[in-house]
Every structure is written in structure tokens, then in C-alpha cells.
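**Q** Just so we're aligned, residue 0 is where the sequence shown starts under numbering that gives the first Met the number 0, counting upward by one.
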Amino acid sequence: MTDPADLEFSPDVMRAMGEAVLARAVAHVASAASQPACGRVDALDEYRAMRAPAPEQPAALEPLLAQLFDRWIPQSFTTISPGYLAYIPGGGLFPAALADLIADTANRFTGIWLAAPALVQLEANVLDWFRDWMQFPETTRGLLTTGGSMANFNAIVAARERQLGPDIRRGVLYASNQVHHSVLKSAKLAGIMPDRVRPIPVDEAFRMRTAELADAVARDRAAGLTPFMVVSTAGTTNTGAVDPLDAIADFCADERLWHHVDGAYGAFFHACPELRPLLAGLPRADSLTLDPHKGLFLPYGTGALLVRDGAALRAAHEADAPYLPPMPDASEFYDPSQHGPELSRGFPGLRVWLCVQLLGAARLRAAIAEKRALAVEAARRIAAIPGIVLDAPPQLSLFAFHLTWPGASPDAENAATRSLLARVTARGRVMLTGCTAAGRFLGRVCVLSFRTRHAQIDACVQDLAEESAAILREAAHPH
Ligand SMILES: *Cc1c(COP(=O)(O)O)cnc(C)c1O
0 MTDPADLEFS PDVMRAMGEA VLARAVAHVA SAASQPACGR VDALDEYRAM RAPAPEQPAA
60 LEPLLAQLFD RWIPQSFTTI SPGYLAYIPG GGLFPAALAD LIADTANRFT GIWLAAPALV
120 QLEANVLDWF RDWMQFPETT RGLLTTGGSM ANFNAIVAAR ERQLGPDIRR GVLYASNQVH
180 HSVLKSAKLA GIMPDRVRPI PVDEAFRMRT AELADAVARD RAAGLTPFMV VSTAGTTNTG
240 AVDPLDAIAD FCADERLWHH VDGAYGAFFH ACPELRPLLA GLPRADSLTL DPHKGLFLPY
300 GTGALLVRDG AALRAAHEAD APYLPPMPDA SEFYDPSQHG PELSRGFPGL RVWLCVQLLG
360 AARLRAAIAE KRALAVEAAR RIAAIPGIVL DAPPQLSLFA FHLTWPGASP DAENAATRSL
420 LARVTARGRV MLTGCTAAGR FLGRVCVLSF RTRHAQIDAC VQDLAEESAA ILREAAHPH
């Protein structure tokens, strides 16, 4: 009889299970281009019927894989589709999955340096690579997080601690009214309440107006408050706008404010030297959010933060405990738990490290630059479609537009633009989503998946052209 408390799997069983999973996973990825760019997500009764208690007895793997790959995974936005041009596309480079398998089976403890110094050094190397690509100085320290939201959160905590100390209630944070909502959420989690966050108006290209920023800071100082931080965005989620990073850096230097740049969408474009003018001033930030699971094409689960004065990040998180081994020399070795809120954690460094090792930085840069070029081409062709107006040309690889015709009311335009995105997405070749900005509904195209190539741009342009024409015909001849 089997011993119920023995939870180990034999090498043969592990190999068989691994092969079964690998076969399914590889077949799934290989079919990415033939899956609809958006699966159905409205079978509410099926989702209700899925609620189930934990099984008392072991189940077999194969039927579970069949349910996952044949029924449940397809009911989703197909984020691995080459036609996924919605929101901010993720990636899913395959070596990351292999790295996760290694990390999970080796299961070493990488929260503290001393428990696995060589492995932690690989993670430190990854952060140094990001530091160099972003042209940050040697003093920089960073943190791999689960995503951009947690990177923004840790940036606000470090800035608050450095700038305000314990007197946090007077502190005021500034960001454009296009800032990602994770910044507002993070501010609150960091003790900066909504009444201490100032939304700054934007210009016609959706970039923060620095004159209005200066006015807001002056007003708060006059009222006895303590401005401490400006969050600018290198590529907004709505329209891809890049705030005037250089001018904001100047202002923050004069006013002694912490300048954080949220580059969750856009920062990796700075890795390409020829694109750096698009992000001028980015290397001057006090801290920077990057999202490897967006701009570096990794699977979901990896964000990153860089802090120019690494000591400030460390000061916010440093902690000792009587049961822990001694800390390393902070000036030489990196200790993740001394630079972030977590102790036990996975090993996010390995998935980045293995992807960069197996592809090389040059190919990653070539792919990043290609996404920008594809977006520029798509915007030019889509702007030429009758009835389409480009509201936000691509500053990086994201642009926004709406549909119009003579005599159209704003409400009718909004409804038509929504309908255009839904009809194009229903065709299955590309998935598009919109946003509301400057009081109107905008369609968006964001090119950031490494799988998106010329063929998907052709499909996107053709489907938008045909569906726009159909909508305009219906508007001209209502039944
Ligand atoms: C995606 C995004 C975030 C949030 O990052 P997550 O990885 O989803 O947590 C923050 N800011 C911007 C500009 C983003 O595009």
C-alpha cells in the first residue's frame, strides 16, 4: 500500500507528468496564431458550475490538462495571440517557463543573499542590466516585483520615507490626470491619501502640463503642505503619451521633489539607443518602474523598480531579525529582502536571466524597435481610412483614434467607435480595446507582443477599413 504521508513523486512519474504538460503547453503555443484573438468570456453559468470543494483523493493529471487546455484557457483574452493589440500586450517568451520549472524544482531560498549567494547574484546581474539599459548610475539598486503596480508602490514608499520621514500626512504627490490607476492605489497603500494626490491637466498630446504642475506645487506650499513627489509616465496606458520627462526632472531638481517615472509600458524602448530621443530625460529620474512582462516580452509575473540612490530603497526596507543569518556587505552584495517588502518569494530573476541569455540583448532590442516601427506604420495606414481621425499619434507603439462622419454627434461617434472595435475583434484576427480620454471614447492599437508582425498589422488595417466602411454606410442609410 502507498504511504499516504509520503508526498514525493518518483523520477519516472515526474518525467511522465512533465512530458504530458510540455506536450500540451507546446501545442498550445504553436497554435497561438490560429486561436481567436479574444476568446469568449461570457459563459457565466459555466463559471458558476465550476465552483467545487477540494478533492479528498488524488486526481489523474491528463483529464485536468484536457479541461484546462480545451475548455478553460480558451475562455479568455488570447494574450499570447500575435493579434493581441489590446490594453498593453504581454508576451510569454518560452524560456521563462523553463526557468520557472528550474526555480520551482530547485526551490532554493532567494529572499536573502546568504541562503543562495550565487543565485541572488544572477538576480543582481539582471537588475544591473536594466540599470545599464536605462542609463542609470552605479549607485542604483532595484527590485524585481510581481508587476508594475508593485514597482510603483515600492517607489512611493521609498520616496515617502526619504522625503517625509514619519510626517507623512502633509506630503503631496503629483501626477497627470492620465496616470495609471495603480499609482493612486499605491499612494493610498503607502499612506498618501486621495486628498494628498493632485491630478495635473494634460496638453493636446495627453502629456502633463509642467506650468500647471508648478502652480499646483506652489499652491500646496502656500497652504503649508509638503510637496514630495512627482510621478510622470513614460507611455500612458490610455494613449501612450510620454510626459515631458526632462522638464519635469528640471522642475523636481529645483523644488527638491522625488521624480518617479512610471515606465511600465514604455521604459524598455529606452534600451534601443535610436529610440532614446522619444524618452529624453528618463535616465534622470529618481526612480523608474519597468515591466519586463510587457516591454521585455516575459510572461506575466515580473515587474521591476530601479532607484537611483539605492540607499533610499534600502532605508525604506532594511530590517533585521534575531533568527536570520548576518547580512552581506551592502556596498558589494545585493540582498532582495533588504530592498523590498517580501521575505520568502519565488525566484523572478531566473526567468529574466534565462530569456536574456538564450536570446541575447541585441535580438530583444531588435524586437522592441520593430514593435515601434509596426505601430508607426499601422497608425499611418489607419489614419488614411475614411472616417478615422487620429487623436493620439504613436509616441512609442500605442495610438488612439475615433470614427466620425459629417453631422455625427459626440454620442454617435462614441457608439460607432465602440462598435468598430467590437466588430473588428469579433472577426478574430486582432483584439482591440478602447479608453475614455479628453471626454470621448477612443479606439486604441498597442503593438507590444513579440509575436505581432507585419501580417497582423495588415489584418488590423484591413478589418478596421472594412468595418468602418460598413458602419459609415449604416450611419448614412439608417433602416
Ligand atoms: C500596466 C501598467 C501599470 C501596472 O503594471 P502591472 O504590471 O499591470 O501591475 C502601471 N503603469 C502603466 C503605465 C502601465 O501600463
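The beta carbon of each residue, even a glycine, is placed where N, CA and C say it ideally should be. Just so you know, these numbers come straight off a predicted model, no measurement behind them.
1. Alpha carbon to alpha carbon, what distance is there between V119 and F332?
2. Under 6 Å: does the beta carbon of Y264 sit that close to some heavy atom of ligand 1?
3. May I ask you to report which of helix, strand or coil DSSP gives W128?
4. Looking at ligand 1, does it come within less than 6 Å of D261, judged from the CB to the closest heavy atom?
5. If you drop the 5 nearest sequence neighbours on each side, which residues of the same chain put their C-beta closer than 6 Å to that of A468?
6. Quick one: give me the first and last residue of the alpha helix (DSSP H) that V375 is part of.
7. Taking Cβ to Cβ, would you say L304 is nearer than 7 Å to F267?
8. Jot down the residue ranges of each uninterrupted alpha helix (DSSP H) in the stretch 385 to 436, minimum 4 residues, whole runs only, in chain order.
9. For my contact list, S80 and A31 are in at a C-beta cut-off of 8 Å; report their separation, rounded to the angstrom.
10. Could you spell out where the beta strand (DSSP E) holding M228 opens and where it closes?
11. Among residues of its own chain, excluding the 5 on either side of A102, which ones have a beta-carbon nearer than 8 Å to its beta-carbon?
12. Which one or two residues does DSSP pair with W257 in a beta bridge?
13. Please report the distance separating the alpha-carbon of F398 from that of R443.
14. Could you please give me the residues that DSSP links to S175 through a beta bridge?
15. If you draw a straight line from the alpha carbon of R428 to that of L312, how long is it in whole angstroms?
16. Per DSSP, which residues does Y83 bridge with? Please list them.
17. Would you report the Cα separation of L121 and R379, rounded to the nearest angstrom?
18. Run through the DSSP bridge pairs and tell me what L441 is partnered with.
19. Using alpha carbons as the reference points, say which of E45, F205, G406 and A26 lies closest to N176.
20. Check whether the Cβ of D166 sits closer than 6 Å to any heavy atom of ligand 1, and report yes or no.
21. Going by C-alpha distance, which of A318, R169 and Q162 is nearest M251?
22. To the nearest angstrom, how far is it from the Cα of A114 to the Cα of M16?
23. For Y46, count neighbouring C-beta atoms within 10 Å of its own C-beta (all shown protein chains included) and say buried if the count is 16 or more, exposed if not.
24. Starting from V460 and walking both ways along the alpha helix (DSSP H), at which residues does that stretch end?
25. Identify, in the order they occur along the chain, each residue of the same chain with its Cβ nearer than 7 Å to the Cβ of P392, setting aside the five sequence neighbours on each side.
26. Does DSSP put T209 in a helix, a strand or coil?
27. Quick check on DSSP: helix, strand or coil for T78?
28. Helix or strand or just coil, what does DSSP make of T104?
29. If you check the beta carbons only, do D390 and R426 fall under 7 Å apart?
30. Using only CA atoms, which one of E341, T403 and G438 lies nearest to F108?
31. Please name the residue in P35, E473, A263 and L281 whose C-alpha comes closest to that of L407.
32. Would you say the stretch 435 to 450 touches the stretch 82 to 89, given that touching needs at least three Cβ pairs under 8 Å?
33. In angstroms, rounded to a whole number, what distance separates the CA positions of W128 and T424?
34. Could you check if I512 belongs to the surroundings of ligand 1, using beta carbon to heavy atom distance under 6 Å?
**A** For this structure:
1. Numbered from 1 along the sequence shown, position 333 holds the residue referred to as residue 332. Numbered from 1 along the sequence shown, position 120 holds the residue referred to as residue 119. About 9 Å.
2. The residue you call residue 264 lines up with position 265 of the sequence shown. Yes.
3. Here the question's residue 128 lines up with position 129 in the sequence shown. In the structure shown, W128 sits in a helix (DSSP, three-state: H, G or I).
4. Counting from one through the sequence shown, the residue named residue 261 turns up at place 262. The nearest non-hydrogen atom of ligand 1 is less than 6 Å from the C-beta of D261.
5. Here residue 468 is taken as the residue at index 469 of the sequence shown, counted from 1. Its chain contains no residue whose beta carbon lies nearer than 6 Å to that of A468 once the 5 sequence neighbours on both sides are disregarded.
6. Here the question's residue 375 lines up with position 376 in the sequence shown. In the DSSP annotation of this structure, the continuous segment of the alpha helix (DSSP H) that includes V375 starts and ends at A360 to A382.
7. Working through the sequence shown from its first residue, we reach residue 304 at position 305. Working through the sequence shown from its first residue, we reach residue 267 at position 268. Going by C-beta atoms, L304 is not nearer than 7 Å to F267.
8. Segments of the alpha helix (DSSP H) lying fully in the stretch 385 to 436: 409 to 425.
9. The residue labelled residue 80 in the question sits at position 81 within the sequence shown. The residue labelled residue 31 in the question sits at position 32 within the sequence shown. With 8 Å as the limit, S80 and A31 qualify as a contact, their Cβ atoms being about 6 Å apart.
10. Here residue 228 refers to the residue found at position 229 when the sequence shown is read from its first residue. Looking at the DSSP string, the run of the beta strand (DSSP E) that includes M228 is T225 to T232.
11. Locating residue 102 in the sequence shown gives position 103, where the first residue counts as 1. For A102, the CB contacts under 8 Å within the same chain, skipping 5 residues up- and downstream, are G345, F346, L349 and R350 in chain order.
12. Here the question's residue 257 lines up with position 258 in the sequence shown. Answer is M228.
13. The count along the sequence shown starts at 1 and reaches residue 398 at position 399. The count along the sequence shown starts at 1 and reaches residue 443 at position 444. Roughly 6 Å separates the two Cα atoms.
14. One-based indexing of the sequence shown puts residue 175 at position 176. Its beta-bridge partners are I199.
15. Mapped onto the sequence shown, residue 428 falls at position 429. Mapped onto the sequence shown, residue 312 falls at position 313. In a straight line, the C-alpha of R428 is about 44 Å away from that of L312.
16. If you number the sequence shown from 1, residue 83 lands on position 84. DSSP lists M430 as partners of Y83.
17. The sequence position of residue 121 within the sequence shown is 122, counting from 1. The sequence position of residue 379 within the sequence shown is 380, counting from 1. Their backbone Cα atoms lie some 42 Å apart in a straight line.
18. As a position in the sequence shown, residue 441 is number 442, starting the count at 1. The partner list for L441 (beta bridge, DSSP) reads C434.
19. Translated into positions along the sequence shown, residue 176 becomes position 177. Comparing Cα-Cα distances from N176 to each of E45, F205, G406 and A26, the minimum goes to F205.
20. Sequence index remark: in the sequence shown, residue 166 carries index 167 (1-based). Judged by the Cβ position, D166 fails to qualify as a neighbour of ligand 1 at the 6 Å threshold, every heavy atom of the ligand being at least this far.
21. Stepping through the sequence shown from its first residue, residue 251 is reached at position 252. Before going further, note that residue 251 is Cys rather than Met in the sequence given. Selection A318, R169 and Q162 evaluated against C251 yields Q162 as nearest (Cα-Cα).
22. For the purposes of this step, residue 114 is identified with residue 115 of the sequence shown, where counting begins at 1. For the purposes of this step, residue 16 is identified with residue 17 of the sequence shown, where counting begins at 1. So the alpha carbons of these two residues sit roughly 30 Å apart.
23. Locating residue 46 in the sequence shown gives position 47, counting from the first residue. The residue in question, Y46, is exposed, as its Cβ has fewer than 16 Cβ neighbours within 10 Å.
24. Indexing the sequence shown from 1 puts residue 460 at position 461. Element bounds for V460: H453 to A475.
25. What you label residue 392 is simply residue 393 of the sequence shown in a count that begins at 1. A378 and F398, listed in sequence order.
26. The residue given as residue 209 occupies position 210 in the sequence shown. Helix at T209.
27. Looking up residue 78 in the sequence shown gives position 79. Correct three-state label for T78: coil.
28. As a first step, residue 104 is located in the sequence shown; it is residue number 105 there, counting from the start. T104: helix per DSSP, three-state reduction.
29. Reading the sequence shown from its first residue, position 391 is the one you call residue 390. Reading the sequence shown from its first residue, position 427 is the one you call residue 426. Inclusion of D390 and R426 in the CB contact set at 7 Å is not warranted, their separation being larger than that value.
30. Taking the sequence shown and counting its residues from 1, one reaches residue 108 at position 109. Minimum Cα distance to F108 is reached at E341.
31. For the purposes of this step, residue 407 is identified with residue 408 of the sequence shown, where counting begins at 1. Just to set this straight, residue 407 is Ala in the shown sequence, not Leu. For A407, the closest alpha carbon among the candidates P35, E473, A263 and L281 is that of E473.
32. Contact between the stretch 435 to 450 and the stretch 82 to 89 is present, with at least three C-beta pairs closer than 8 Å.
33. Within the sequence shown, numbered from 1, the residue matching residue 128 stands at position 129. Within the sequence shown, numbered from 1, the residue matching residue 424 stands at position 425. Each residue's Cα considered, the two are about 37 Å apart.
34. The structure shown does not extend to residue 512, since the chain is modelled only from 0 through 478, so no value can be given for it.
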